[in-house]
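Following: one structure in structure tokens, then a few remarks.
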Amino acid sequence: MAKIPERKSVKDKYKWNLCDLVNGDEAWEEKYNELSKKAPSLQEYKGKLGNDDVLLEFLKKQDEIAIDLIKVYCYSSMSNHQDLRVKKYQEMNAKAEMLAVTFGTVTAFAEPEICERSEEELLALSKKPEFSDYSYRFERLAKDKKHVLSEKEETLLAEVGNFSGNFQDSFQMLDSADIKFDPVTVDGKEVEMSHGMYGVLLQNPDQSVRQQAFESMFNAYKNHINTITSLYAGSVKKDWFFRKVRGFSSSLEGALSGTDVNIATLGPIRDAQMLDGIDGEDTRRYMHQYIAFRKQVLGVETLNMWDLHCPMVKGADIAVPYEKACDMVKKALKPFGDEYAALLDRAFNERWIDVVENKGKRSGAYSMGTFGCHPYVLLNYQKSTHEVFTIAHELGHAMHTYFSCKAQPFAKSDYEIFVAEIASTVNEVLMLKYLLANTDNVDTKKFLLSYYLDMFRTTLFRQTMFAEFELKAHNLVEQNQPLSAEGLSDIYMDLNKKYYGKAVRHNDLIRYEWARIPHFYTAFYVYQYATGITAAVSIANSILKHGDKAFYNYKKFLSAGGSMPPVEILKLAGVDLTTEQPFNVAMREFRDTLNSLKALYNEEK
Numbered sequence: 031m032a033k034i035p036e037r038k039s040v041k042d043k044y045k046w047n048l049c050d051l052v053n054g055d056e057a058w059e060e061k062y063n064e065l066s067k068k069a070p071s072l073q074e075y076k077g078k079l080g081n082d083d084v085l086l087e088f089l090k091k092q093d094e095i096a097i098d099l100i101k102v103y104c105y106s107s108m109s110n111h112q113d114l115r116v117k118k119y120q121e122m123n124a125k126a127e128m129l130a131v132t133f134g135t136v137t138a139f140a141e142p143e144i145c146e147r148s149e150e151e152l153l154a155l156s157k158k159p160e161f162s163d164y165s166y167r168f169e170r171l172a173k174d175k176k177h178v179l180s181e182k183e184e185t186l187l188a189e190v191g192n193f194s195g196n197f198q199d200s201f202q203m204l205d206s207a208d209i210k211f212d213p214v215t216v217d218g219k220e221v222e223m224s225h226g227m228y229g230v231l232l233q234n235p236d237q238s239v240r241q242q243a244f245e246s247m248f249n250a251y252k253n254h255i256n257t258i259t260s261l262y263a264g265s266v267k268k269d270w271f272f273r274k275v276r277g278f279s280s281s282l283e284g285a286l287s288g289t290d291v292n293i294a295t296l297g298p299i300r301d302a303q304m305l306d307g308i309d310g311e312d313t314r315r316y317m318h319q320y321i322a323f324r325k326q327v328l329g330v331e332t333l334n335m336w337d338l339h340c341p342m343v344k345g346a347d348i349a350v351p352y353e354k355a356c357d358m359v360k361k362a363l364k365p366f367g368d369e370y371a372a373l374l375d376r377a378f379n380e381r382w383i384d385v386v387e388n389k390g391k392r393s394g395a396y397s398m399g400t401f402g403c404h405p406y407v408l409l410n411y412q413k414s415t416h417e418v419f420t421i422a423h424e425l426g427h428a429m430h431t432y433f434s435c436k437a438q439p440f441a442k443s444d445y446e447i448f449v450a451e452i453a454s455t456v457n458e459v460l461m462l463k464y465l466l467a468n469t470d471n472v473d474t475k476k477f478l479l480s481y482y483l484d485m486f487r488t489t490l491f492r493q494t495m496f497a498e499f500e501l502k503a504h505n506l507v508e509q510n511q512p513l514s515a516e517g518l519s520d521i522y523m524d525l526n527k528k529y530y531g532k533a534v535r536h537n538d539l540i541r542y543e544w545a546r547i548p549h550f551y552t553a554f555y556v557y558q559y560a561t562g563i564t565a566a567v568s569i570a571n572s573i574l575k576h577g578d579k580a581f582y583n584y585k586k587f588l589s590a591g592g593s594m595p596p597v598e599i600l601k602l603a604g605v606d607l608t609t610e611q612p613f614n615v616a617m618r619e620f621r622d623t624l625n626s627l628k629a630l631y632n633e634e635k
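So in my numbering, spot 83 of the sequence shown is number 113, and the numbers just go up one at a time.
Right, here's the structure in full:
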């Protein structure tokens with residue numbers, strides 16, 4: 031029986047070195063205690079921010095504390111994610127979260143006080159040279175003044191932060207530490223099921239193994255469906271509470287306003303509409319054609335949901351050791367030049383990355399970074415094509431953070447989530463095109479084309495489906511309707527049928543898939559995967575076609591941080607999501623990739 035190792039058994043070279051962030055647990059305690067004393071001192075500025083000199087002094091001191099606070103938070107959070115069962119790091123993380131709430135509480139007076147200035151005064155402030163670090167912040171405040179509450183109300187909302195994140199925290203604990211999966215039998219031997227192993231088992235050529243993995247995964251969530259429904263319902267209600275008290279008409283409007291995106295032109299609704307692109311055709315039709323073609327190639331009597339991840343071409347999966355995967359990523363990203371390549375070497379060699387799965391480790395993958403330190407990446411690496419692409423994906427996030435923090439002052443270094451999934455997906459598209467360009471093997475080409483189609487399926491179509499699910503759930507709460515396990519699962523099943531079509535059997539357990547999606551606890555995040563791949567296709571194609579000139583513009587995008595509206599930042603890379611062009615380019619790429627794959631199979635007949 032394959033065993034998942036304990037943390038202590040993992041070699042140091044596969045563990046990240048968090049001492050670059052904070053020099054060990056004792057140093058963390060010292061910094062935590064120091065910040066606990068410093069943060070309340072910001073209250074001394076209360077009632078004085080009408081004076082420009084005092085305001086500037088306050089903003090600089092606030093930034094100074096915030097930089098250290100984020101480091102303290104990141105260190106405790108990542109330490110906790112190494113093994114969620116460890117009490118010490120659970121407590122450190124809880125303390126850091128409470129300190130963050132305290133910081134929010136003691137500074138809650140600031141925005142209401144600043145917003146006592148008129149819109150014209152705020153815009154004038156944004157143009158003063160001494161306030162250049164905060165120019166975009168003042169522009170945003172001028173636009174969003176009506177949603178800033180009184181000092182008392184802002185303080186109250188900050189205090190609510192002590193428990194409003196508990197829905198996500200509780201789900202994460204349940205998901206990573208408490209949910210148990212039934213083992214799966216492979217070649218007569220029991221294999222321990224986990225989040226990391228699930229993706230591997232779904233690619234097994236034996237359909238019965240794939241079915242076992244699917245049923246093990248979703249029966250586990252079905253067994254906890256009432257608890258998870260309660261957590262998710264609480265999270266959705268929390269979202270509506272915060273948006274409603276700030277005067278937004280919906281949670282969606284509030285979420286998009288928070289990222290400075292115009293609801294009239296963008297968002298989940300637009301992403302659903304874009305599926306009617308390419309000469310008015312519903313491009314879900316191409317998705318349905320792909321699913322039907324997958325069934326034909328696999329030669330199965332019934333295509334089940336557990337068959338959608340199985341490679342259409344047997345034996346072509348890129349199942350390589352981690353070191354080999356890293357080398358492939360570096361070669362694929364060579365178009366970015368020497369500086370980018372040197373940063374990748376640092377990430378691989380200086381332990382920016384936590385590589386392998388261990389017992390209690392947080393599932394999935396992410397990048398986390400902060401001003402004044404290099405970014406970090408969490409993986410749970412398994413030998414599969416998907417995991418190779420995950421390395422490229424997460425390093426895209428990491429390099430975006432690196433370049434933004436390098437080029438921008440702290441106040442402008444944090445980019446909005448609207449652009450957060452673009453750099454990561456550009457890396458994936460370049461990875462795919464590199465691999466395609468460097469093989470003459472027909473089976474490998476088939477495999478890679480089908481992988482690209484699955485990238486669209488999971489990143490564009492599926493994430494848009496997720497966004498529709500979120501929108502329906504939030505609309506119910508906004509209409510004072512209850513969220514029940516059965517109701518949410520019915521919504522999800524209907525959407526699954528809509529997006530995947532009739533060629534696949536919509537197995538009943540798929541109705542519980544929504545219950546395992548952690549991103550739903552960050553409302554309206556997932557649609558940005560769809561806009562991300564939409565933009566990424568145009569950017570990657572431009573870089574491959576125009577070389578250094580295109581990368582020069584793309585680097586301006588990577589380095590812009592949060593210095594201007596995200597839609598404008600994306601225009602630096604040559605993509606305007608307020609037009610139909612990038613959506614149509616992405617849709618055509620999906621259609622043309624499907625036709626290329628079909629042509630390879632037809633050549634063999």
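Beta carbons: idealized from backbone N, C-alpha and C, even for Gly.
Inset, instruction - Check G297 in the structure and name its three-state DSSP category. - result: Translated into positions along the sequence shown, residue 297 becomes position 267. Interpretation of G297 is limited by its pLDDT of 46, a score under 50 that renders its predicted location unreliable; no figure is taken from the coordinates.
Inset, instruction - May I ask you to list the residues that DSSP assigns as paired with C403? - result: On the sequence shown, position 373 is the one that residue 403 refers to. Paired residues: T400.
Legend entry - Element boundaries [beta strand (DSSP E), containing E220]: On the sequence shown, residue 220 is found 190 positions in, with the first residue counted as 1. Its beta strand (DSSP E) spans residues K219 to V221.
Inset, instruction - Take the Cβ of Y582 as the centre, count every other Cβ of all protein chains shown within 10 Å, and call the residue buried at 16 or more, exposed below. - result: Within the sequence shown, numbered from 1, the residue matching residue 582 stands at position 552. Per the 10 Å Cβ criterion, exposed.
Inset, instruction - Pick out whichever of F139, E149, S224 and R170 has its Cα sitting closest to the Cα of A188. - result: Counting from one through the sequence shown, the residue named residue 188 turns up at place 158. The residue among F139, E149, S224 and R170 with its C-alpha nearest the C-alpha of A188 is F139.
Inset, instruction - Please determine, among R37, I100 and D212, the residue with the shortest C-alpha to C-alpha distance to P405. - result: Indexing the sequence shown from 1 puts residue 405 at position 375. Nearest C-alpha to P405: I100.
Inset, instruction - Report the option in D174, M128 and T137 whose CA atom is closest to the CA atom of E150. - result: Translated into positions along the sequence shown, residue 150 becomes position 120. If we check each option's Cα against that of E150, D174 comes out closest.
Inset, instruction - Decide yes or no for the touch test of the region 549 to 559 against the region 448 to 457: beta carbon pairs closer than 8 Å, at least 3 of them. - result: yes
Legend entry - Cα-Cα separation, D375 to E160: As a working note, residue 375 is residue 345 in the sequence shown. As a working note, residue 160 is residue 130 in the sequence shown. Taking the straight line from one Cα to the other gives about 38 Å.
Legend entry - Length of the line joining the Cα atoms of T257 and K325: Taking the sequence shown and counting its residues from 1, the one referred to as residue 257 is at position 227. Taking the sequence shown and counting its residues from 1, the one referred to as residue 325 is at position 295. Cα to Cα, T257 sits roughly 36 Å from K325.
Inset, instruction - Given a cut-off of 8 Å, decide if N457 and L525 are closer than it, judged by their beta-carbon atoms. - result: As a first step, residue 525 is located in the sequence shown; it is residue number 495 there, counting from the start. As a first step, residue 457 is located in the sequence shown; it is residue number 427 there, counting from the start. Their beta carbons are not under 8 Å apart, which means L525 does not touch N457 by this criterion.
Legend entry - Residue(s) in a DSSP beta bridge with R167: As a first step, residue 167 is located in the sequence shown; it is residue number 137 there, counting from the start. Partner(s): none; R167 has no beta bridge.
Legend entry - Range of the contiguous alpha helix (DSSP H) that encloses V239: As a position in the sequence shown, residue 239 is number 209, starting the count at 1. Element bounds for V239: Q237 to N253.
Legend entry - Short Cβ contact (8 Å threshold) for A503 with L513: In the sequence shown, counting from the first residue as 1, residue 503 sits at position 473. In the sequence shown, counting from the first residue as 1, residue 513 sits at position 483. In this structure, L513 lies closer than 8 Å to A503 by Cβ.
Legend entry - Nearest-angstrom Cα separation, counted from K391 out to Y75: Along the sequence shown, read from residue 1 onward, the residue named residue 75 stands at position 45. Along the sequence shown, read from residue 1 onward, the residue named residue 391 stands at position 361. Cα to Cα, the separation comes out at about 42 Å.
Inset, instruction - Could you check the C-alpha separation between N471 and F550 for me, to the nearest Å? - result: As a working mapping, residue 471 is identified with position 441 in the sequence shown. As a working mapping, residue 550 is identified with position 520 in the sequence shown. When rounded, the distance between both Cα atoms is 40 Å.
Legend entry - the region 40 to 51 contacting the region 397 to 416, beta-carbon criterion three pairs below 8 Å: yes
Legend entry - Contact set for S626: own chain, Cβ-Cβ below 8 Å, skip 5 residues either direction: As a position in the sequence shown, residue 626 is number 596, starting the count at 1. Hits under 8 Å: L479.
Legend entry - Sufficient close CB pairs (3 or more, under 8 Å) joining the region 195 to 214 to the region 271 to 282: Put simply, the region 195 to 214 does not touch the region 271 to 282. Fewer than three CB pairs are less than 8 Å apart.
Legend entry - Cβ pair A377, G591 closer than 8 Å: The residue labelled residue 377 in the question sits at position 347 within the sequence shown. The residue labelled residue 591 in the question sits at position 561 within the sequence shown. No, Cβ-Cβ distance for A377 and G591 is not below 8 Å.
Legend entry - Contiguous alpha helix (DSSP H) assignments of at least 4 residues, all confined to the region 139 to 215: 140 to 144, 149 to 156, 165 to 174, 181 to 194 and 196 to 203
Inset, instruction - Given a cut-off of 8 Å, decide if Y164 and A130 are closer than it, judged by their beta-carbon atoms. - result: Locating residue 130 in the sequence shown gives position 100, counting from the first residue. Locating residue 164 in the sequence shown gives position 134, counting from the first residue. Not in contact: A130 and Y164 (Cβ atoms no closer than 8 Å).
Inset, instruction - Sort out for me which residues DSSP pairs L408 with in a bridge. - result: Start at 1 with the first residue of the sequence shown, and residue 408 comes out as number 378. D384 and Y396.
Inset, instruction - Look at F486 and I97 and say whether their C-beta atoms are less than 8 Å apart. - result: Working through the sequence shown from its first residue, we reach residue 486 at position 456. Working through the sequence shown from its first residue, we reach residue 97 at position 67. Not a contact, by the Cβ cut-off of 8 Å.
Inset, instruction - Assuming V359 and I421 form a contact by the criterion Cβ under 8 Å, report the distance between their Cβ atoms to the nearest whole angstrom. - result: By one-based count along the sequence shown, residue 359 stands at place 329. By one-based count along the sequence shown, residue 421 stands at place 391. Indeed they touch by this definition, with Cβ atoms about 5 Å apart.
Legend entry - V605 beta carbon less than 8 Å from that of I569: As a first step, residue 569 is located in the sequence shown; it is residue number 539 there, counting from the start. As a first step, residue 605 is located in the sequence shown; it is residue number 575 there, counting from the start. In this structure, the beta-carbon distance from I569 to V605 falls below 8 Å.
Legend entry - Among K344, V386 and M429, nearest to L588 - alpha-carbon criterion: Stepping through the sequence shown from its first residue, residue 588 is reached at position 558. If we check each option's Cα against that of L588, M429 comes out closest.
Legend entry - Own chain residues within Cβ distance below 6 Å of T474, not counting five before or after: For the purposes of this step, residue 474 is identified with residue 444 of the sequence shown, where counting begins at 1. Excluding residues within five positions, the ones whose Cβ falls inside 6 Å are A346.
Inset, instruction - With a cut-off of 8 Å on the beta carbons, I'd call A515 and I255 a contact; round off their distance for me. - result: Walking along the sequence shown from the start, residue 515 turns up at place 485. Walking along the sequence shown from the start, residue 255 turns up at place 225. Yes, they are in contact, since the Cβ atoms of A515 and I255 sit about 5 Å apart, within 8 Å.
Inset, instruction - Indicate whether Y631 and L483 have their beta-carbon atoms separated by less than 8 Å. - result: As a first step, residue 631 is located in the sequence shown; it is residue number 601 there, counting from the start. As a first step, residue 483 is located in the sequence shown; it is residue number 453 there, counting from the start. Not a contact, by the Cβ cut-off of 8 Å.
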